[in-house]
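Please read the structure below before turning to the comments.
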Amino acid sequence: MEQACVLCRRAEADPDVCGPKGDYHGICAHRFCLRFASEMNPQATLQEGQMRFLPLDILSAVEQAAQMTCFVCGEMGASITCQEMGCYRRFHLPCAVKGGCVTRYLLPYSSFCWEHRPQQRELAAPEDTTCVICMEPVEDRTTYGTMVCPVCKCAWFHRACIQVGAVPSLQAWEALSSTRASLPLFLFFLQGQAMCAGYFCLQCPACRNTKLFVTEMFSLGIRIPSGL
């Protein structure tokens, strides 16, 4: 039987969210469950550019989390706390998206609940706007699940799509094939989104901006690997 992570208590979890599961001095845990755990202090254990987790620190985090309830699923073992001063909402990393939370995948690995999460300035989407990745309709404005390029404000996409990508439907491809935008978008699909493109290749599919686009995605909780 596959061993469960001591923090999120899942034997199986999305590796794009939780990272790989590893053995830390005999303790089984997901990489990002450790880094986001509120009782851990990764900056204090940085050695040679890599994070080191001490067994006593991990066990202490597990002990503290065992007394905390996840506000999303209602189960115990919530190891992540909202970073907003005075907010005590806690959650498991695999529950973050379902709860509308934002987890920033870069130092100092801060996390926010649905009420205090960073969000894009509210913009209205033009009528009948579709996601540039899956070609399905988006919401009528920027929300947690619907995002827009902060530079050109022309490329609209779903949070899930910019994170891991999606394959457009047959109907969408047929409609796309008759437009001049078909080739650059096709290349974008092949390149992949955040998890496939990585920090050095991810860009807005419309205006091709990289720096401001990637900075905004990081801020909003999109995981963008630094190396592939």
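In the numbering used here, the protein residues as written are 137 to 364. Ideal Cβ placement from N, Cα and C applies to all residues, glycine included. Model, not experiment: these values are computed from the prediction.
Per the coordinates, the alpha-carbon of residue 216 lies some 5 Å from the alpha-carbon of residue 174. A residue is called buried when at least 16 other Cβ atoms come within 10 angstroms of its Cβ; residue 291 meets this threshold and is buried. Residue 163: member of the beta strand (DSSP E) spanning 163-166, first to last residue. In the structure shown, residue 351 falls within a helical segment according to DSSP collapsed to helix, strand and coil. For the 8 Å CB-CB criterion, residue 161 and residue 144 do not form a contact. Under the three-state reduction of DSSP, residue 248 is assigned to strand. Of 169, 243 and 282, the smallest CA-CA separation from residue 255 is found for 282. As DSSP reads the structure, residue 216 sits in a beta bridge with 227.
DSSP, reduced to helix, strand and coil, places residue 153 within a helical segment of the structure shown. The C-beta of residue 210 has fewer than 16 other C-beta atoms within 10 Å across all chains shown, which makes the residue exposed.
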